[in-house]
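>
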Amino acid sequence: MNISKTQRGRAAAAVSLTAVLALTATACGDDGSGSGTEGSGKGEITFWDNNGGPRTAVWTEIIKDFEKQNPDIKVKYVPIPIADVQSKYDTAIAGGGLPDVGGVGTAYLANIVSQEALEPVNERLEGSALKGKLVESMVESVRAAAGRGDDIYSVPTSANNGVLWYRTDLFDQAGLEAPDTWAKFYTAADKLTDAKNNKFGYTIRGGAGSIAQALDAVYGQSGITEFWKGDRTTLNDPKNVAALEKYAGLFKKTTPAADVNNDFTKMVAQWDTGTIGMLSHNLGSYQDHLKALGEEKFAGIPAPVGDGGTRVQVSNPVDGLGLFRSSRNKTAAWKFIEFAASHESNSKWNESAGAMPANTEAAKDPWINATESTALAAKTLTDGSTKIVDLPYYLPDWNNISKADNEPEFQKLLLGKITAKAFLDDMAEQLNAANQEWNEIGNG
Amino acid sequence: MTVLLTEKSGTAQRSAGHSTPPPSSRRRPGRERAFDDVPRWQIYLPLGLYLLFTLIPFYWMLLFAVRPAGSTSLVPWPMTGQHFSKVWNERSFAVFFQNSMIVGVATLVATTVVALAGGYALARFDFRIKGAFMLALLCSQFIPGALMLVPLFEIFRNLQMINSLGSVVIAETVFQLPLSIILISGFIKNVPVSLEEAAWVDGCSRFTAFRAVVLPLLRPGLIAVGSFAFVHSWNHFLFALMFLSEQDKQTIPVGLNTLIGADSVDLGALAAGGVIAAVPVVIVFAFIQKWLITGFSAGAVKG
Numbered sequence: 001m002n003i004s005k006t007q008r009g010r011a012a013a014a015v016s017l018t019a020v021l022a023l024t025a026t027a028c029g030d031d032g033s034g035s036g037t038e039g040s041g042k043g044e045i046t047f048w049d050n051n052g053g054p055r056t057a058v059w060t061e062i063i064k065d066f067e068k069q070n071p072d073i074k075v076k077y078v079p080i081p082i083a084d085v086q087s088k089y090d091t092a093i094a095g096g097g098l099p100d101v102g103g104v105g106t107a108y109l110a111n112i113v114s115q116e117a118l119e120p121v122n123e124r125l126e127g128s129a130l131k132g133k134l135v136e137s138m139v140e141s142v143r144a145a146a147g148r149g150d151d152i153y154s155v156p157t158s159a160n161n162g163v164l165w166y167r168t169d170l171f172d173q174a175g176l177e178a179p180d181t182w183a184k185f186y187t188a189a190d191k192l193t194d195a196k197n198n199k200f201g202y203t204i205r206g207g208a209g210s211i212a213q214a215l216d217a218v219y220g221q222s223g224i225t226e227f228w229k230g231d232r233t234t235l236n237d238p239k240n241v242a243a244l245e246k247y248a249g250l251f252k253k254t255t256p257a258a259d260v261n262n263d264f265t266k267m268v269a270q271w272d273t274g275t276i277g278m279l280s281h282n283l284g285s286y287q288d289h290l291k292a293l294g295e296e297k298f299a300g301i302p303a304p305v306g307d308g309g310t311r312v313q314v315s316n317p318v319d320g321l322g323l324f325r326s327s328r329n330k331t332a333a334w335k336f337i338e339f340a341a342s343h344e345s346n347s348k349w350n351e352s353a354g355a356m357p358a359n360t361e362a363a364k365d366p367w368i369n370a371t372e373s374t375a376l377a378a379k380t381l382t383d384g385s386t387k388i389v390d391l392p393y394y395l396p397d398w399n400n401i402s403k404a405d406n407e408p409e410f411q412k413l414l415l416g417k418i419t420a421k422a423f424l425d426d427m428a429e430q431l432n433a434a435n436q437e438w439n440e441i442g443n444g
Numbered sequence: 445m446t447v448l449l450t451e452k453s454g455t456a457q458r459s460a461g462h463s464t465p466p467p468s469s470r471r472r473p474g475r476e477r478a479f480d481d482v483p484r485w486q487i488y489l490p491l492g493l494y495l496l497f498t499l500i501p502f503y504w505m506l507l508f509a510v511r512p513a514g515s516t517s518l519v520p521w522p523m524t525g526q527h528f529s530k531v532w533n534e535r536s537f538a539v540f541f542q543n544s545m546i547v548g549v550a551t552l553v554a555t556t557v558v559a560l561a562g563g564y565a566l567a568r569f570d571f572r573i574k575g576a577f578m579l580a581l582l583c584s585q586f587i588p589g590a591l592m593l594v595p596l597f598e599i600f601r602n603l604q605m606i607n608s609l610g611s612v613v614i615a616e617t618v619f620q621l622p623l624s625i626i627l628i629s630g631f632i633k634n635v636p637v638s639l640e641e642a643a644w645v646d647g648c649s650r651f652t653a654f655r656a657v658v659l660p661l662l663r664p665g666l667i668a669v670g671s672f673a674f675v676h677s678w679n680h681f682l683f684a685l686m687f688l689s690e691q692d693k694q695t696i697p698v699g700l701n702t703l704i705g706a707d708s709v710d711l712g713a714l715a716a717g718g719v720i721a722a723v724p725v726v727i728v729f730a731f732i733q734k735w736l737i738t739g740f741s742a743g744a745v746k747g
């Protein structure tokens, strides 16, 4: 039944109005590459916390201290869930609305830098009270991760370090020594497994974040200390292939079968609530273990030492604070960065997070040695006994290659659908291509 | 007029409700016998197992929410409210809950009102591009929200609507309208147009006839569309994350994600947050499930 005819004039007017509104609404958008201004050094600045939630309390305290010291500046704190921080930055870069200051990890620093959203801070650091007071290796990490020569795009605030957590009560019962070598690690994984009674020696990370952990185990065992040999990666070196075969072979033999989907949340939860001997994670989960197991039942040591007698581990992401180009109040934003990276604030933040401070004075504070795992990690990073394999965070494709492209492949490896060699060959090929592309556009 | 409307409503209800044969008349005798011959345990065992499979994750969530930190007990005893207190007071879930409720209710109202108008137009009017429009509505269901994120972000930013709950309400409404319009349209088609015509003859305007005659018969459809809009916007994470930055504007799904840190997760708080997020949805479904099923089946199958 046809009740009414379309009125063409009205429809045309509606379409025209919609088009005008749409054009108006989408006009004049500025992306993150705008130059911004130094501003007056007063007023409001916006700060995005890249690990919003767990760190909200300590940031609130630091901001309160800052505003007390700088009554003319107000900091608007925005907590961003860590899992979505990169997409939040990407959307804001494309659509506008970036903050003045943002937390930026080296894992995605290159991606943001390549979109011209961050401002180099070399000159500001030169004239800052922070000059000479930041841990050199962390400054080097953020410089290298940005992939823009000498330019530094983030003021480092903290670093994490891989830790092999183990259940001291289970090790004592089984008469095992601390797993400080890879040989002891494999022996303990085997000895502590009693699958029929739901007891396992190790929990492997098969889901999100699996690649970095697997690479840590691979280079740690092979003893290879460089990621690149010329313009080709060492990833698929036969020694690494053998190491990965051994590591992936733990799956289902000494680990729960459900580990194939393990992200850090599941992995930590099942270690804290079950009877699993060892867990590879980092300093950040210390508080979770402490709450769940109590101080007496667990301990954490740095990555095991390989057969060659040297500890080799892959570089861990360094967290920092970036100053965004589009900021209209860079003077105030920089003041906040300086304050957050200063001795007192940096110490306070890292003590709360259980991470390694970037401020050299904060790194000497007594709380560092109060926890054995943190003290050992600090020692490992500073005493020169550990060789660090620098992962190519500077490649804009690194995140895609190490996550979306290869995490599903790693699951296939665990399930026996592909070999360790095929997995590493494929990933090496992708990295070589990404590196070649990066060199070709003049970065190498 | 009252008598006429009552009669017509009754007719329409019969028409809408009984346009398919009653369930008993649809059953074939052999099929009914076969059903009766089946031992009860063969029906209840699979159902029970399915129920168990569905409820265990909920039990696990409740267990973690009320169990003290560090406890490995499989029963929720001793109980503690510390996790609820923590997320509600310290992690701003009171504010997130309020914001989610505002977004949910506003999306419900906006979606229902616009879907009613759109559904009525599709059901009652013929126009040249009607087929293409329906196809476009269906196709729009295949476009993921993430794809529209940047343009939407830019539009809201230029309209000064970033950090406003209104931006999330508009985005949620827009993305839920296609399905809602299709559902409502199907439901309106089941109401005989002769009912409206009778009301016009009695002197009603089109709007009055719609309000007095058609609208009361659409209750199951409206409940289906409204609850779907509410639950979807209540649970939706992406738009709230992208369009709302200030903490006092964020919603429950974003709040839940902030309970998972880079290297650590407070499982008790996460479970308590999950319970808080689930309660309104469970309550909504408990009250409207009868109408929801009627609404979806009538709107979808007959549309």
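Those protein sequence lines, which keep their order, are chains E and D. Start counting the first sequence at 1; every next residue gets the next number (our numbering). Start counting the second sequence at 445; every next residue gets the next number (our numbering). Beta carbons are placed, not taken as given, at the ideal position from N, Cα and C, and that holds for glycine. Only a predicted model underlies this, so the values are computations on that prediction, with no experimental measurement involved.
Let me know if E:Tyr-247 comes out buried or exposed under the rule of 16 or more other beta-carbons within 10 Å of its beta-carbon.
It counts as buried.
> Where does E:Asp-31 fall in DSSP's three states?
Its pLDDT being 47, under 50, E:Asp-31 is placed unreliably by the model, and nothing is read from it.
> My output table needs one value for E:Gln-287: the three-state DSSP class, helix, strand or coil.
Reduced to three states, the DSSP call for E:Gln-287 is helix.
> Anything in chain E within Cβ reach of D:Gln-691, meaning under 9 Å, just list it in chain order.
Gly-52, Thr-56, Tyr-77, Val-78, Pro-79
> Counting contacts by CB-CB distance shorter than 9 Å, is E:Gly-284 in contact with chain D?
yes
> Quick check: does the Cβ of E:Tyr-394 come within less than 8 Å of any heavy atom belonging to the ligand FAD?
By its list of ligands, the structure shown contains no ligand whatsoever, and the ligand FAD lies outside what it can speak to.
> Three-state secondary structure (DSSP) at E:Ile-388?
strand
> Work out the CA separation of D:Gly-589 and D:Phe-600 for me, nearest whole Å.
Going by the C-alpha atoms only, they are around 15 Å apart.
> When we look at the beta-carbon of E:Lys-330 and count the other beta-carbons within 10 Å, is it buried (16 or more) or exposed?
buried
> Using a Cβ-Cβ distance under 9 Å, would D:Glu-616 count as near chain E?
no
> Less than 9 Å between CB atoms is the rule here; does E:Ala-83 satisfy it with respect to chain D?
yes
> Mind pulling the chain D residues with CB within less than 7 Å of E:Gly-95?
Near E:Gly-95 (Cβ distances below 7 Å), the residues of chain D are Val-594, Phe-597, Glu-598, Arg-601.
> Per DSSP, E:Phe-298 forms a beta bridge with which residues?
E:Arg-167
> Please list the terminal residues of the continuous beta strand (DSSP E) segment that includes E:Gly-394.
In the sequence as presented, Gly is not what sits at residue 394 of chain E; that position holds Tyr. No beta strand (DSSP E) contains E:Tyr-394, which DSSP labels as neither H nor E.
> Less than 6 Å between C-beta atoms, sequence neighbours within five positions excluded: which residues of the same chain meet that for D:Arg-470?
Note on D:Arg-470: pLDDT 49, under 50, position unreliable in the model; no value is reported.
> In angstroms with no decimal places, state the Cα-to-Cα distance between E:Ala-434 and E:Gln-173.
When rounded, the distance between both Cα atoms is 49 Å.
> Considering E:Gly-279, what are the terminal residues of the beta strand (DSSP E) in which it resides?
It should be pointed out that residue 279 of chain E corresponds to Leu in this sequence rather than to Gly. 276-282 is the extent of the beta strand (DSSP E) around E:Leu-279.
> Does any residue of chain D have a CB that is nearer than 9 Å to the CB of E:Ser-128?
Not one chain D Cβ lies under 9 Å of E:Ser-128.
> So, is the C-beta of D:Val-709 closer than 9 Å to a C-beta in chain E?
By this cut-off, D:Val-709 is an interface position.
> Can you pull the chain E neighbours of D:Ile-749, defined as C-beta to C-beta under 7 Å?
The structure shown does not extend to residue 749 of chain D, since chain D spans only 445 to 747, so no value can be given for it.
> For E:Val-268, go through chain D and note every residue whose CB falls closer than 8 Å to its CB, in chain order.
Ser-708, Val-709
> If distances are taken between C-alpha atoms only, which option among E:Arg-143, E:Asp-425, E:Gln-430 comes closest to E:Ala-400?
Looking at the sequence itself, residue 400 of chain E is Asn, so the reference to Ala does not match. Looking at the Cα atoms, E:Gln-430 is the closest of the given residues.
> Output, in sequence order along the chain, the residues in the segment 168-198 of chain E whose CB is closer than 8 Å to any CB in chain D.
none
> Below 8 Å between beta carbons is the criterion; list the residues of the segment 291-312 of chain E that meet it against any residue of chain D, in chain order.
Lys-291, Ala-292, Leu-293, Gly-294
> Which residues bound the alpha helix (DSSP H) around E:Glu-44?
From DSSP, E:Glu-44 is part of no alpha helix (DSSP H) but of the beta strand (DSSP E) over 43-49.
> What residues from chain E crowd round D:Ile-632, counting only those whose CB sits closer than 8 Å?
Within 8 Å Cβ-Cβ: nothing; D:Ile-632 doesn't reach chain E, min ~12 Å.
> Within 10 angstroms of its Cβ, does E:Ala-22 collect 16 or more other Cβ (buried), or is it exposed?
Low confidence applies here, because E:Ala-22 scores a pLDDT of 47, under 50, leaving its location unreliable; read the following figure in that light. With fewer than 16 other Cβ atoms within 10 Å, it is exposed.
> Find the residues of chain D that neighbour E:Thr-273, judging by a C-beta separation of less than 7 Å, and give them in chain order.
Near E:Thr-273 (Cβ distances below 7 Å), the residues of chain D are Thr-516.
> Determine the burial state of D:Ser-638: buried for a count of at least 16 other Cβ atoms within 10 Å of its Cβ, exposed for fewer.
exposed
> Does the beta-carbon of D:Leu-489 have 16 or more other beta-carbons within 10 angstroms, so that it is buried, or is it exposed?
exposed
> Any idea if E:Glu-437 is buried or exposed, counting beta-carbon neighbours within 10 angstroms, 16 or more meaning buried?
The residue is exposed, with fewer than 16 neighbouring Cβ atoms inside 10 Å.
> Which residues in the same chain as D:Ala-509 place their Cβ atom closer than 8 Å to its Cβ, once the five residues preceding and following it in sequence are excluded?
His-527, Phe-528, Gly-712, Ala-715, Ala-716, Gly-718, Val-719
> Could you tell me the alpha carbon to alpha carbon distance between E:Val-139 and E:Val-318, rounded to whole angstroms?
9 Å
> For a test of the three-state rule: what should DSSP assign to D:Trp-521, helix, strand or coil?
coil
> Give a yes or no on whether the C-beta atoms belonging to E:Ala-269 and D:Gly-514 are separated by under 9 Å.
Not a contact, by the Cβ cut-off of 9 Å.
> Could you round the C-beta distance between D:Ser-708 and D:Asn-607 to whole angstroms and report it? I think they count as a contact, below 8 Å.
Rounded, the Cβ-Cβ distance is 29 Å, inconsistent with contact.
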